[in-house]
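S.K.:
Protein chains in written order, with the numbering used here: chain A, 1 to 72; chain B, 73 to 701.
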């Protein structure tokens, strides 16, 4: 397969996943900071909520690695 | 582990309440629970009320406590991180002495604070005048000398263009015997001085009053001085005040450092006395008796009962009572782990305490956190720097329990990172190769095998969580929950088996069996979890795949380190190259410490704990000085 197309595919896989993660984390982060000001003891739980969308980018990264590892 | 707790009930005459409370407080082991509803509902039972003199004492103590809190809040920001923790040994200070100390320190902090604020206000006022007077001083030098002359200074907004009208009026009043000097202060305001014979003073000043034009007035303390004289004084004070403020701030800092511990101790003494009175006022009893119940570590039960019996003989009844089974979730939780596991309790508490009768995940965190962290960081150089930094942090802030514990956690984790660094042959990334460190596993060349290993680790970790979860659910008398967890465990195995068949690791004939067993498990899960079952099964797969971050973040750290090394080699100047490389390695190391810590915590909190952890445990808060726990 054309190496250029593979690179574009890998880039899209991780790039789009990263954008989606960023959008989700921005919203969770903003709401989380608001909650933290009122209840600082929620830090642990907010941290968990904040990092949940990171699974998206990790899965994107896995796909990218798999695309680039296909024998050429 | 979660310490075993025992429930205690105490009944005695109201006349002994203060003494009993003092004894319980001194023992410092009883977590007093709110009075059970069935007792409150009894017609013979009422809430105890404190006598008038004790209520007055409470009001006075609340006032002093407020004063102490205000002072502590004022001086706390003067410490670099936060003030040192205060020891609990303070029996020698009486309540009246504690009140005296708090009032003395508070008054001295308050006076210094007021003095500083006053000077800062004065400084900002003088700064305002200085601007006007700087513009005015050349004009004053131009004013002709003469004993019969008077002058008035005014400031005007340029945009209002009132000056021509004003000048016309002054000319009419004086018959042209005046002189006007003007100068801009800034883009908006101008300052004017009008000089005229003294006989017109009253009429001109009245004119300004009628036209609502404010005369330039000096600050109250300089009002009687001539303008030039007051200008000099303002300049002198402007130079002297910052030094004086600095000196006062240093004095305040000295008071904070020298007397914080004393203040905090007295604050605690007052707080404890108030707490004793508050708890007493919350108790229930009959007309002549009081009663209370609470929890304490089982290991302290015998000593506590003996202590109360020795002190009050048969006048107070204290006995251990067994709690109803359904009240397990109301039992307070005391984590009690051996010394080397203790620092990891911070990570458990960071999320929530486990409920009583479930499992304290601290020992599991102590095993897996350093391993996952080390796997992700996996670098001899970064690990060694982190080890030294953690050791130093632990030593430097040894009085701060939280910092000390985090230091211990990172020390253990960095040692594991060094071990994995040796396996991966990484020393500041790819620099290891050039100095002769050979990898046993080359991370940059083995991304797919490492990805598979990461996912396998995830499968095993989650399976362990499900097994623990099933055992706890059985212990808590939740057989359905236990069965669901066993089914989920079987589902994880069947998915792994399907993948193994696809990659030829298991005979092909097993594929249909595994697919049908996977689907069968989801169908059986319907029985326990209804419509959520397929989503839960999907979540399990995502949970396992989430462990790919071990490989992902590890590889990212390696690639960033190699970029730093390449940048070092790029510039022609060796010094510039070394500086560039050091800078990028520093950035990578900071990211390399933060990211593995957060990702490892996330794997535990989200993926692992979800399978067995029951959050929401009530923290064990003994009523007392807290010396034992």
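From the three backbone atoms N, C-alpha and C, an ideal C-beta is built for every residue, glycine too. Just so we're clear, the structure is a prediction, and the values are computed from it rather than from any experiment.
Rounded to whole angstroms, what's the CA-CA distance from residue 181(B) to residue 321(B)? Just pull it up for me.
M.R.: On the second chain, residue 181(B) is found 109 positions in, with the first residue counted as 1. On the second chain, residue 321(B) is found 249 positions in, with the first residue counted as 1. Near 10 Å, if we compare the C-alpha coordinates of residue 321(B) and residue 181(B).
S.K.: Note down, in chain order, every chain B residue with its Cβ under 8 Å from the Cβ of residue 48(A).
M.R.: Here residue 48(A) corresponds to residue number 48 of the first chain, with the count starting at 1. The answer, in chain order, is 423, 674, 677, 678.
S.K.: With DSSP as the reference, identify every bridge partner of residue 367(B), one or two as the case may be.
M.R.: The count along the second chain starts at 1 and reaches residue 367(B) at position 295. DSSP lists 79(B), 103(B) as partners of residue 367(B).
S.K.: Quick check: residue 627(B) and residue 659(B), are their CB atoms within less than 9 Å of each other?
M.R.: Start at 1 with the first residue of the second chain, and residue 627(B) comes out as number 555. Start at 1 with the first residue of the second chain, and residue 659(B) comes out as number 587. Contact: no.
S.K.: Let me make sure I understand the geometry here. Which of 656(B), 621(B), 410(B), 631(B) has the alpha-carbon closest to that of residue 62(A)?
M.R.: Position 62 of the first chain, counted from the start, is the residue given in the question as residue 62(A). Minimum Cα distance to residue 62(A) is reached at 621(B).
S.K.: Given a cut-off of 9 Å, decide if residue 512(B) and residue 495(B) are closer than it, judged by their beta-carbon atoms.
M.R.: Sequence index remark: in the second chain, residue 495(B) carries index 423 (1-based). Sequence index remark: in the second chain, residue 512(B) carries index 440 (1-based). Yes.
S.K.: Quick one: does residue 52(A) have its CB under 9 Å from some CB of chain B?
M.R.: Along the first chain, one-based indexing puts residue 52(A) at 52. Closer than 9 Å: yes.
S.K.: Decide if the segment 598-616 of chain B is in contact with the segment 456-471 of chain B; the criterion is three or more beta carbon pairs, one per stretch, under 8 Å apart.
M.R.: Verdict: no, contact absent.
S.K.: Report the option in 644(B), 572(B), 519(B) whose CA atom is closest to the CA atom of residue 70(A).
M.R.: Residue 70(A) sits at position 70 when you count from the first residue of the first chain. Of 644(B), 572(B), 519(B), the residue nearest in Cα terms is 519(B).
S.K.: What would DSSP say about residue 392(B), mapped onto helix, strand or coil?
M.R.: To locate residue 392(B), count along the second chain from 1; it is residue 320. Three-state result, residue 392(B): strand.
S.K.: Report the residue ranges of all alpha helix (DSSP H) runs contained in full by the segment 604-675 of chain B; include only those spanning at least 4 residues, in chain order.
M.R.: Complete alpha helix (DSSP H) runs here, min 4: 605-618, 620-641, 646-674.
S.K.: Is there a C-beta anywhere in chain A that falls below 9 Å from the one on residue 305(B)?
M.R.: The residue labelled residue 305(B) in the question sits at position 233 within the second chain. Answer no: the Cβ-Cβ gap between residue 305(B) and chain A never drops below 9 Å.
S.K.: Who are the neighbours of residue 32(A) on chain B, taking C-beta pairs under 7 Å?
M.R.: For the purposes of this step, residue 32(A) is taken as residue 32 along the first chain, with counting starting at 1. The contacting residues do not exist; residue 32(A) stays about 14 Å from chain B at best.
S.K.: Chain B partners of residue 9(A), CB-CB under 7 Å?
M.R.: Numbered from its first residue, the first chain carries residue 9(A) at position 9. Result: empty, since nearest Cβ-Cβ is about 16 Å, beyond 7 Å.
S.K.: Can you check whether the C-beta of residue 22(A) is within less than 9 Å of a C-beta belonging to chain B?
M.R.: Taking the first chain and counting its residues from 1, one reaches residue 22(A) at position 22. Not one chain B Cβ lies under 9 Å of residue 22(A).
S.K.: Per DSSP, residue 253(B) is paired with what?
M.R.: Counting from one through the second chain, the residue named residue 253(B) turns up at place 181. Residue 253(B) is bridged to 265(B).
S.K.: So that I know if they touch, is there some Cβ in chain B lying closer than 9 Å to that of residue 67(A)?
M.R.: In the first chain, residue 67(A) corresponds to position 67, counting from 1. Closer than 9 Å: no.
S.K.: Could you tell me which of 191(B), 500(B), 261(B) sits nearest to residue 653(B), measuring between CA atoms?
M.R.: Translated into the one-based positions of the second chain, residue 653(B) becomes position 581. Residue 500(B) is the option with its Cα nearest to residue 653(B).
S.K.: Sorted by chain position, which residues of the same chain lie with C-beta nearer than 8 Å to residue 682(B)'s C-beta, five sequence neighbours on each side aside?
M.R.: Here the question's residue 682(B) lines up with position 610 in the second chain. Within the same chain, residue 682(B) has close Cβ partners 537, 615.
S.K.: Can you tell me whether residue 30(A) is buried or exposed, with buried defined as 16 or more other CB within 10 angstroms of its CB?
M.R.: For the purposes of this step, residue 30(A) is taken as the residue at position 30 of the first chain. Per the 10 Å Cβ criterion, exposed.
S.K.: Leaving out five residues before and five after residue 701(B) in sequence, what residues of the same chain have Cβ atoms less than 8 Å from its Cβ?
M.R.: Residue mapping note: residue 701(B) aligns to position 629 of the second chain, counting from 1. Confidence at residue 701(B) is low in this model, with a pLDDT of 39, below 50, so the placement of that residue should be treated as unreliable; the coordinate-derived value is given next. 100, 101, 369, 406, 692, 694.
S.K.: Assuming residue 356(B) and residue 118(B) make a contact with CB atoms under 8 Å, what is their CB distance in whole Å?
M.R.: Taking the second chain and counting its residues from 1, the one referred to as residue 356(B) is at position 284. Taking the second chain and counting its residues from 1, the one referred to as residue 118(B) is at position 46. Going by Cβ atoms, the distance from residue 356(B) to residue 118(B) rounds to 7 Å, so yes, they are a contact pair.
S.K.: What three-state label does DSSP hand residue 70(A) in the structure shown?
M.R.: Numbered from its first residue, the first chain carries residue 70(A) at position 70. Residue state, collapsed to three classes: coil.
S.K.: Give the straight-line distance between the Cα atoms of residue 10(A) and residue 680(B), rounded to the nearest whole angstrom.
M.R.: In the first chain, the residue the question calls residue 10(A) occupies position 10. In the second chain, the residue the question calls residue 680(B) occupies position 608. Computed Cα separation, rounded: 29 Å.
S.K.: Could you spell out the range, first to last residue, of the alpha helix (DSSP H) harbouring residue 277(B)?
M.R.: Translated into positions along the second chain, residue 277(B) becomes position 205. That run of the alpha helix (DSSP H) goes 273-282.
S.K.: Output the boundary residues of the alpha helix (DSSP H) element that contains residue 454(B).
M.R.: One-based indexing of the second chain puts residue 454(B) at position 382. Note, residue 454(B): alpha helix (DSSP H), 452-468.
S.K.: Just checking my contact of residue 236(B) with residue 249(B) at CB under 8 Å: how many whole Å lie between their CB atoms?
M.R.: Numbered from its first residue, the second chain carries residue 236(B) at position 164. Numbered from its first residue, the second chain carries residue 249(B) at position 177. In fact, because the Cβ distance is near 19 Å, the residues do not count as touching under 8 Å.
S.K.: If you reduce the DSSP assignment to three classes, tell me which class residue 356(B) lands in.
M.R.: As a position in the second chain, residue 356(B) is number 284, starting the count at 1. In this structure, residue 356(B) counts as strand in the three-state DSSP scheme.
S.K.: For chain B, find out if any of its Cβ atoms is closer than 9 Å to the Cβ of residue 81(A); answer yes or no.
M.R.: The structure shown does not extend to residue 81(A), since chain A spans only 1 to 72, so no value can be given for it.
S.K.: Are three or more beta carbon pairs between the segment 173-193 of chain B and the segment 136-149 of chain B nearer than 8 Å?
M.R.: Yes, since at least three Cβ pairs between the segment 173-193 of chain B and the segment 136-149 of chain B fall closer than 8 Å, the two stretches touch.
S.K.: If we ignore side chains and look at the alpha-carbon of each, how far apart do residue 644(B) and residue 633(B) end up?
M.R.: The sequence position of residue 644(B) within the second chain is 572, counting from 1. The sequence position of residue 633(B) within the second chain is 561, counting from 1. C-alpha separation (whole angstroms): 20 Å.
S.K.: So, helix, strand or coil for residue 700(B), using DSSP?
M.R.: As a position in the second chain, residue 700(B) is number 628, starting the count at 1. Caution is warranted here: a pLDDT of 42 is assigned to residue 700(B), below 50, making its placement in the model unreliable, and the coordinate value is therefore given only provisionally. Three-state DSSP puts residue 700(B) in coil, outside helix and strand.
S.K.: Answer with yes or no whether the minimum CB distance from residue 618(B) to chain A is below 9 Å.
M.R.: Your numbering for residue 618(B) matches position 546 in the second chain. Yes - at least one Cβ of chain A is within 9 Å of the one on residue 618(B).
S.K.: Can you tell which of 410(B), 554(B), 593(B), 577(B) has its C-alpha closest to the C-alpha of residue 563(B)?
M.R.: What you label residue 563(B) is simply residue 491 of the second chain in a count that begins at 1. Closest by alpha carbon: 593(B).
S.K.: Residue range of the alpha helix (DSSP H) that residue 599(B) falls in?
M.R.: Translated into the one-based positions of the second chain, residue 599(B) becomes position 527. First-last of the alpha helix (DSSP H) with residue 599(B): 582-601.
S.K.: Within a Cβ cutoff of 8 Å, which residues of the same chain sit near residue 458(B), ignoring the five residues on either side of it in sequence?
M.R.: What you label residue 458(B) is simply residue 386 of the second chain in a count that begins at 1. Closer than 8 Å at the Cβ level, and outside the excluded window around residue 458(B), lie 449, 482, 485, 486, 489, 661, 665.
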